[in-house]
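In UniProt numbering, the protein residues as written are 1 to 446.
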């Protein structure tokens, strides 16, 4: 299936494709106003608005919690120095592309360093997130309460499961920003955060329009396509997070009854237990409390180690499909931390990048890599999408794919669904979580 290079949208001018000159000029205007460079090939450091402008309350510093001293199974992930993309030495850039290719084929996860945001600037964003959970009013929690049944996480998530109606306590609070929220900040943001929205918006703009754009340049080169291919044809635009979303999350220590009900699993979920992210790329900032685990090729869980200041990047379903299975959307989960961190809170910042919503997801057959080596259907969502495509000739759009999973997600404490015969099945002697979304089967380890 050939990826469309002229993607139309459902708005008042349906005949205008995404690569029409007018939207391009608008995009350039937005980026110039945000202080980002005209030339995307060169990295410019992040320059946030001042933290001490008149009217901004004092924000206590965020102090990173201590790193675990326990000996656990930690993943050995590749670390990518994004600044090397600017090297004048072609050999350095070629080696960088090879590193990226190996990491996204084998692990689907990687560390990203030297991407333009300093540790001090990053800790300021964590301090703002900490300020949110210490100061959000009960009125704002109710006013901005999320409704995941609508297919989006927008708003405030209470610490009682992933449905609007409260379930058993899970200790996880979140606040999520989508395009509709960015378009109406005065109504869609907790009052305590309004003085800091200039900083949060600039942060998200930089992550999307500088960091993720350059990351997609690397991925485009792996596919042997023009540098801007994925940015122009797949990445969504139109807000600081495109059609994706930015999240502040706070994980409080697990209560005994929650652990018993969920068998230890804590998650930032689209699936029960393990899941792959349904979008393009996920940018998660590394934190000291070890909870994130990835599923290895040896079918074992590995904690992702802490690397101060680094971004943890993982490949989403969209990129696995667009790459024809050459990129790996790795299964992962948020599990309880090692014993010496069980009493600690885990604060998290994450940006979920999304493709254009009406994109009919399929391999980018223009890729010389795909033309030469073919597609890879050994694992994951691409294999299931291919089965669906071969059978009925139609697969979900990206918007349909992400919204159905959010709207129908089950809590890890939901014992009525998380059992064999409902959402679980015995496959090759192993208990697996099994769901089907719009004719596409998803099978995950329990």
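Idealized CB from N, CA, C, for every residue including glycine.
- Of all alpha-carbon atoms in 409, 368, 338 and 52, the one lying nearest the alpha-carbon of residue 222 is that of 368.
- Its chain contains 111, 113 and 286 as the residues whose beta carbon lies nearer than 6 Å to that of residue 310, once the 5 sequence neighbours on both sides are disregarded; these appear in chain order.
- In the structure shown, residue 79 falls within a strand segment according to DSSP collapsed to helix, strand and coil.
- Restricting attention to 149, 386, 189 and 322, the CA atom closest to the CA of residue 136 is found in 189.
- For residue 365, the closest alpha carbon among the candidates 209, 376 and 356 is that of 376.
- Boundaries of the beta strand (DSSP E) around residue 312: 311-315.
- Between residue 356 and the set 244, 438, 92 and 240, the nearest pair of CA atoms involves 244.
- Around the beta carbon of residue 305, a 10 Å sphere encloses 16 or more other beta carbons of the protein chains shown; the residue is thus reported as buried.
- Under DSSP, residue 188 shares a beta bridge with no residue.
- Here residue 338 is not near residue 64, since their CB atoms are 8 Å or more apart.
- For residue 117, there is no enclosing beta strand (DSSP E), as DSSP marks it with neither H nor E.
- Here DSSP, grouped into helix, strand and coil, assigns residue 126 to helix.
- By the neighbour-count criterion, in which a residue is buried when 16 or more other Cβ atoms sit within 10 angstroms of its Cβ, residue 80 is buried.
- By the neighbour-count definition (other C-beta atoms within 10 Å, threshold 16), residue 438 is an exposed residue.
- According to the DSSP secondary-structure assignment, residue 155 is paired through a beta bridge with 176.
- Taking the CA atoms as reference points, residue 75 sits about 8 Å from residue 294.
- For the options 429, 134 and 321, the alpha carbon positioned closest to that of residue 230 is the one of 321.
- Pairing residue 291 with residue 335 gives a Cβ-Cβ distance under 8 Å.
- Cβ neighbours of residue 167 within its own chain (closer than 6 Å, five residues either side excluded): 160, 161 and 411.
- Per DSSP, the unbroken alpha helix (DSSP H) holding residue 220 starts and ends at 213-222.
- The Cβ neighbour count for residue 314, taken over all protein chains shown within 10 Å, is at least 16; the residue is labelled buried.
- Between residue 384 and residue 312, the beta carbon gap of about 25 Å keeps them out of contact (Cβ cut-off 8 Å).
- For residue 329 against residue 380, the beta-carbon gap comes to about 6 Å, under 8 Å, which counts as contact.
- Under DSSP, the beta-bridge partners assigned to residue 282 are 314 and 352.
- Residue 280 and residue 234 do touch by the CB rule: their CB atoms are close to 7 Å apart, below 8 Å.
- Collapsing the DSSP output to three states places residue 136 in coil.
- Here residue 225 is not near residue 97, since their CB atoms are 8 Å or more apart.
- When DSSP states are grouped into helix, strand and coil, residue 378 belongs to the coil group.
- Boundaries of the beta strand (DSSP E) harbouring residue 292: 292-295, taken from the DSSP string.
- Across the set 227, 71 and 44, the C-alpha of 71 shows the shortest separation from the C-alpha of residue 302.
- Setting aside the 5 residues that flank it on each side, residue 400 is surrounded in the same chain by 438, each with a C-beta closer than 8 Å to its C-beta; the list follows chain order.
- Burial state of residue 147 is exposed, judged by a 10 Å Cβ sphere holding fewer than 16 other Cβ atoms.
- Burial is judged here by how many other beta carbons sit within 10 angstroms of a residue's own beta carbon; residue 66 has fewer than 16 and is exposed.
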